[in-house]
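Numbering (my numbering), first residue to last: 1433 to 1663.
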């Protein structure tokens, strides 16, 4: 007796087909999906099944549905913030499991932040530098939450300064992941003073458009964070 294969529900199958049309480019951002009656006939499913498939795609930010005479379901335009939030959710879920730990996060940060620093040094504008300066903190005055938020804002601003929106998209979720007490307990004395010093040193290299210096500063910064969290 052979095992039976469990078939996905009809709405899932339809949603998968429409998702393939969207991600392959057959349906472009802003383009209207076929109306519900046409999808019913084409897929051989009920209207309620079509609506469930469309609700699923909308929840994944792939389509936008509007009402009225000119309404319908349209392919969503890419939104970096929404995509980043989706990545953040995935990182957080993995972080709450045993599959991914804080060391894995730091390894990924190294792979992204070091080359990003070099690109930022070559491409940053005065506007970028202003955003980076605004993300500096004062370890003598600011509390932990403020410093943590400033740390995230600083590295997000450096990623933005690369001029490559993919760096910003991928790195932004890394600073939203929480690993609980692991990031606040057992840190060495002077930890936040060193983080502040590293940020200011990196800023100097960015202002000077010194790519080699920026890469070295970013690498040393992460070397310190890794060593501090291995204690």
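Just so it is clear, CB atoms sit at the ideal spot from N, CA and C, and this is done for glycine as well.
- Minimum Cα-Cα distance from residue 1603 among the listed residues 1488, 1579, 1583, 1621 corresponds to 1583.
- The Cβ atoms of residue 1505 and residue 1495 lie closer than 8 Å to each other.
- A residue is called buried when at least 16 other Cβ atoms come within 10 angstroms of its Cβ; residue 1641 does not meet this threshold and is exposed.
- With 16 or more neighbouring CB atoms inside 10 Å of its own CB, residue 1653 falls in the buried class.
- Residue environment: residue 1631 is assigned as buried (16 or more neighbouring CB atoms within 10 Å of its CB, all protein chains considered).
- Secondary structure of residue 1456 (DSSP, three-state): coil.
- Residue pairing by DSSP leaves residue 1578 without any beta bridge partner.
- Rounded to the nearest whole angstrom, the C-alpha separation of residue 1638 and residue 1554 is 8 Å.
- Assignment of residue 1491 by DSSP, reduced to helix, strand and coil, places it in the helix class.
- DSSP links residue 1504 through a beta bridge to 1498.
- Scanning 1463, 1535, 1597 for the CA closest to the CA of residue 1509 turns up 1463.
- Excluding its 5 nearest sequence neighbours in each direction, residue 1551 has C-beta neighbours in its own chain below 6 Å: 1594, listed in chain order.
- By DSSP's assignment, residue 1541 forms no beta bridge with any residue.
- For residue 1657 against residue 1538, the beta-carbon gap comes to about 6 Å, under 8 Å, which counts as contact.
- For residue 1634, the CB contacts under 8 Å within the same chain, skipping 5 residues up- and downstream, are 1549, 1590, 1646, 1649, 1650, 1653 in chain order.
- Residue 1580 has its alpha-carbon roughly 10 Å from the corresponding atom of residue 1567.
- The alpha-carbon separation between residue 1497 and residue 1442 amounts to approximately 20 Å.
- Bridge pairing for residue 1464: 1506 [DSSP].
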